[in-house]
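2 protein chains.
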Amino acid sequence: MSIPSRLLMGPGPSNAPPSVLTAMSRPLVGHLDPAFVALMEDIKAMLRQVFLTSNEMTFPVSGTGSAGMEFCLVNLIEPGDEVIVGVNGVFGQRMAEVASRCGAKVTTVEATWGSIIEPDAIAAALKQVARPKLVAIVHAETSTGALTPVEEIGRLTRDSGALLVLDTVTSLGGCAVRLDDWLVDAAYSGTQKCLSCPPGLSPVSFGPRAMEAVRARRHRVQSWYLDVSLLANYWAEGQRVYHHTAPISMNYALHEALRLLLEEGLEQRWARHERNHNALRAGLTALGLEIVSQRGHQLWQLNAVGVPQGVDEAAVRGRLLQEFNIEVGAGLGPMKGKIWRVGLMGHTSTLENVCVLLMALGRILREAGQSVDERAAAAAAKASAAGS
Amino acid sequence: MSIPSRLLMGPGPSNAPPSVLTAMSRPLVGHLDPAFVALMEDIKAMLRQVFLTSNEMTFPVSGTGSAGMEFCLVNLIEPGDEVIVGVNGVFGQRMAEVASRCGAKVTTVEATWGSIIEPDAIAAALKQVARPKLVAIVHAETSTGALTPVEEIGRLTRDSGALLVLDTVTSLGGCAVRLDDWLVDAAYSGTQKCLSCPPGLSPVSFGPRAMEAVRARRHRVQSWYLDVSLLANYWAEGQRVYHHTAPISMNYALHEALRLLLEEGLEQRWARHERNHNALRAGLTALGLEIVSQRGHQLWQLNAVGVPQGVDEAAVRGRLLQEFNIEVGAGLGPMKGKIWRVGLMGHTSTLENVCVLLMALGRILREAGQSVDERAAAAAAKASAAGS
Chain A
1309 MSIPSRLLMG PGPSNAPPSV LTAMSRPLVG HLDPAFVALM EDIKAMLRQV FLTSNEMTFP
1369 VSGTGSAGME FCLVNLIEPG DEVIVGVNGV FGQRMAEVAS RCGAKVTTVE ATWGSIIEPD
1429 AIAAALKQVA RPKLVAIVHA ETSTGALTPV EEIGRLTRDS GALLVLDTVT SLGGCAVRLD
1489 DWLVDAAYSG TQKCLSCPPG LSPVSFGPRA MEAVRARRHR VQSWYLDVSL LANYWAEGQR
1549 VYHHTAPISM NYALHEALRL LLEEGLEQRW ARHERNHNAL RAGLTALGLE IVSQRGHQLW
1609 QLNAVGVPQG VDEAAVRGRL LQEFNIEVGA GLGPMKGKIW RVGLMGHTST LENVCVLLMA
1669 LGRILREAGQ SVDERAAAAA AKASAAGS
Chain B
1309 MSIPSRLLMG PGPSNAPPSV LTAMSRPLVG HLDPAFVALM EDIKAMLRQV FLTSNEMTFP
1369 VSGTGSAGME FCLVNLIEPG DEVIVGVNGV FGQRMAEVAS RCGAKVTTVE ATWGSIIEPD
1429 AIAAALKQVA RPKLVAIVHA ETSTGALTPV EEIGRLTRDS GALLVLDTVT SLGGCAVRLD
1489 DWLVDAAYSG TQKCLSCPPG LSPVSFGPRA MEAVRARRHR VQSWYLDVSL LANYWAEGQR
1549 VYHHTAPISM NYALHEALRL LLEEGLEQRW ARHERNHNAL RAGLTALGLE IVSQRGHQLW
1609 QLNAVGVPQG VDEAAVRGRL LQEFNIEVGA GLGPMKGKIW RVGLMGHTST LENVCVLLMA
1669 LGRILREAGQ SVDERAAAAA AKASAAGS
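So the sequences go chain by chain: A and B.
To convert a position in the first sequence, counted from 1, into this note's numbering, add 1308.
To convert a position in the second sequence, counted from 1, into this note's numbering, add 1308.
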């Protein structure tokens, strides 16, 4: 097994700290061992702190972020339910697809990729749909680098009586996520982004209104593996009824990743992500490059960098990986070939990494024959045209 | 995080070899990194060797064994399909439940817990059910220690035109599993049993007839996360379309666990499991204890040891854990309180471990005031009564 040492500056996984990686090498224990049960309680308590929630039903689903998405939708949706999904990138599309497979009648609220979902558009959809069961939006769209503000959408959704489901895969641990303040009823995340833990678990949280909707179901949940009532029997304090064998080693890693996060402090960690994003932006500007997602709503942890005219996106990305051991992500869907996705997530978000990337990118573009002056002139012309 | 060092002799996880545990500490790479893609190909090739199959669609699902069960059933079953499920323990029950949640009309073939599913019973069900889409059975019932022979059921199922789905969670790597010879169309397993890799992945294999059934579907697969067609775009050679972020570190561990298995040799590994089972049985007999699952069909890797009259099952199990750091499993369902489940799986299956368990168990029973002579006399009386 030959594994190179990469600087992971793509859309995730991010680099995991050494102590998170070595945590997985600890000896295995059983999934009902008192030592593991204590660890489960620690993880639940720490996840509540990170999600800023008091929801009892907060725990990691034994799958990756997409399993967490399916967990939320499959437990809350019954056949025929009307749901509203904000779609401004790949993960909004995915939520709409998963909801549809649950038998929902899906109304999408579309926005240009790179832009946010506007509260007004959600308000209009809530008026248009007869009996909306839930509204689902992506907080931080990993495919475009846009951060949709949640607070107003939370109030609108609560006022309508619908549930709010929030995708926090890329936001959790990298910028403010306040489930209780924002009136979020159900949320899911992934471990491999700003928590800087390897992929394999999906932290989720269900609030009292979500659990009430589960209790009121008329149909069984179509997934046995993701059925929250069965999972509650294993994860809730005091019961511990065997459901499936939890991924022990992954939970060791998550425990250590959460410990490190809380040791740093939530606010401090968000500030670090903002600071290094600003450093990246300044460096990109100096190279004549720009971040193309909506101004004022750009993610700190995932930066959609426009590929300059005449530059081969895949070739540059390939050289970054092969010559510099730096992974950055490609654009998806309509953004394919047009952006690089540069992640500054969790442990990866350091000034040193920003500098390494800028130096590598600058050299490759220079060797590709594009001068900074040319790119800066083109960017200035574009900005001037946009302003006129 | 305080993790004790346990001897894992329960129903799984088993102890993982040191090199499997340290494999997870290797640095992360991206899920589309050429190095990871090469690793994926290695894993697929090694899994085919272990499953004894040439099925192209052989790979690890990103969830535990129960996710693999759901993967098989959710992709092969459409609403209204008639399916036959052998039920002789917890995992047969679970398959029937999952199939029912897929919208199947389920006919169960029941057998006493501890006994096998008889081919005649499957033949009868195949005649009784109008259009059986599939037959699903558990090869090695982890809840009872019974090993159902597959070969004849495979022929019967193939002759009927139905698909055969096989649960190999506890059998794979511990005794013969021959997917192609036995005409198995779909199978799933878990990493944490006889592969001696931490829990978190579920190796699965779909043969050509299963893939044909997938292509002929009239409804979308109800799970997006487990949709084999989408997963094939990521796992099949040459395509690598992003679906979800694979659990990178868990795949490192599986790679190393499979490498160790093939280095030992399949047949040699099965023989080791048989040898240590026989040693355990001899030792249990000397202690006046017996294995209670059906004679001639007892699993080597999971032994259902009868709890003697007057002995507190949970108290003995608790002392094994607390005083000797040995985990054994409790009975489930109708076997609760009546058996201990003693696993000799993968790396845990050694003569040393058998001796350690026998010494500890002997001491605890002795201290509980039961003499070997009393138990041996009771066992002899019971055997004599059964024989008369």
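A virtual CB, placed ideally from N, CA and C, is assigned to each residue, including glycine.
Which residues in chain A have a C-beta closer than 8 Å to the C-beta of residue i? List them in chain order.
i: R1334 of chain B; result: M1309, I1311 and L1329
i: Q1606 of chain B; result: By Cβ distance, chain A contributes nothing, its closest Cβ being about 22 Å from Q1606 of chain B, past 8 Å.
What's the call for residue i, buried or exposed, on a 16-neighbour Cβ count within 10 Å?
i: Q1630 of chain A; result: exposed
i: R1580 of chain B; result: buried
i: K1690 of chain A; result: exposed
i: N1586 of chain A; result: exposed
i: S1313 of chain B; result: exposed
i: S1374 of chain A; result: buried
i: D1697 of chain B; result: What is shown of chain B runs 1309 to 1696, which leaves residue 1697 of chain B out entirely.
i: K1501 of chain A; result: buried
Might you give, ordered along the chain, the residues of its own chain that have their beta carbon closer than 7 Å to the beta carbon of residue i, omitting 5 neighbours on each side?
i: G1371 of chain B; result: S1510
i: A1668 of chain A; result: L1628, F1632 and I1634
i: E1582 of chain B; result: W1608
i: A1518 of chain A; result: L1384, L1471, D1493 and A1494
i: A1684 of chain A; result: G1596
i: I1647 of chain A; result: V1600, A1612, V1613, G1614, V1615 and G1639
i: P1427 of chain B; result: E1460, I1461 and L1464
i: V1636 of chain B; result: M1317, G1318, R1625, L1628, W1648, R1649 and V1650
i: T1658 of chain B; result: N1584
i: G1591 of chain A; result: V1662 and L1666
Looking only at its own chain, which residues have a Cβ that is under 8 Å from the Cβ of residue i, when we skip the five neighbours before and after it?
i: I1376 of chain A; result: A small fix is needed here, since residue 1376 of chain A is Gly in this sequence, not Ile. Once the five neighbours on either side are set aside, the close Cβ partners of G1376 of chain A are V1369, V1477, Y1496, S1497, G1498, S1510, P1511 and V1512.
i: M1643 of chain B; result: W1421, G1422, S1451, T1452 and A1612
i: R1463 of chain A; result: L1491
i: V1746 of chain A; result: One cannot answer for residue 1746 of chain A here, as it falls past the ends of chain A, which runs 1309 to 1696.
Ignore the nearest five residues each way along the sequence and tell me which others in residue i's own chain have a CB closer than 6 Å to its CB.
i: R1486 of chain A; result: L1360
i: A1268 of chain B; result: Not covered by the structure: residue 1268 of chain B. The range shown for chain B is 1309 to 1696.
i: F1379 of chain B; result: V1369, V1512 and L1534
i: S1557 of chain A; result: M1332
i: V1473 of chain B; result: C1380, L1442, A1444 and A1494
i: G1645 of chain A; result: E1621
i: S1531 of chain A; result: V1382
Which residues in chain A sit within 7 Å of residue i, going by Cβ to Cβ distance?
i: R1528 of chain B; result: R1409
i: E1405 of chain B; result: W1532
i: E1378 of chain B; result: S1531, W1532 and Y1533
i: T1372 of chain B; result: S1370, H1552, T1553 and P1555
So which residues on chain B does residue i lean against when the C-beta distance must stay under 7 Å?
i: R1649 of chain A; result: Result: empty, since nearest Cβ-Cβ is about 11 Å, beyond 7 Å.
i: G1320 of chain A; result: T1553
Listing by chain order, which chain B residues have their CB less than 8 Å from the CB of residue i?
i: L1316 of chain A; result: L1336, V1337 and G1338
At a CB-CB cut-off below 9 Å, which residues of chain B make contact with residue i?
i: N1323 of chain A; result: P1335 and L1336
If you measure from the CB of residue i, is any heavy atom of the ligand SAM nearer than 8 Å?
i: A1622 of chain A; result: The model on display carries no ligand, and the ligand SAM is accordingly not part of it.
**Residues from the segment 1542-1571 of chain A in contact with chain B, defined by Cβ distance under 9 Å** = Y1550, H1551, H1552, T1553, A1554, P1555, I1556, S1557, M1558, Y1560, A1561, H1563, E1564 and R1567
**Message:** Short of 9 Å Cβ to Cβ, which residues in the segment 1337-1366 of chain B face chain A?
**Reply:** V1337, G1338, H1339, L1340, D1341, P1342, A1343, F1344, A1346, L1347 and D1350
**Request:** Specify whether the segment 1565-1572 of chain A and the segment 1399-1413 of chain A touch according to this definition: at least 3 beta carbon pairs, one from each stretch, less than 8 Å apart.
**Result:** no
**Item:** Contact the segment 1322-1337 of chain B vs the segment 1324-1338 of chain A: 3+ CB pairs below 8 Å
**Value:** The segment 1322-1337 of chain B is in contact with the segment 1324-1338 of chain A.
**Item:** the segment 1393-1404 of chain B touching the segment 1541-1550 of chain B, judged by at least three CB pairs closer than 8 Å
**Value:** Verdict: no, contact absent.
**Prompt:** Listed from N- to C-terminal order along the chain, which residues in the segment 1436-1460 of chain B have their beta-carbon within a distance smaller than 7 Å of any beta-carbon of chain A?
**Reply:** The residues in question: there are none.
**Near-chain B residues of the segment 1488-1507 of chain A (beta-carbon distance less than 8 Å), N- to C-terminal order** = So the close ones are G1498, Q1500, P1506 and P1507.
**Item:** Where the segment 1613-1634 of chain A meets chain B: residues whose CB sits under 7 Å from a CB there
**Value:** Considering only beta carbons, no part of the segment 1613-1634 of chain A lies closer than 7 Å to chain B.
**Prompt:** Between the segment 1374-1401 of chain A and chain B, which residues of the former have CB atoms less than 7 Å from a CB of the latter, in chain order?
**Reply:** S1374, A1375 and E1378
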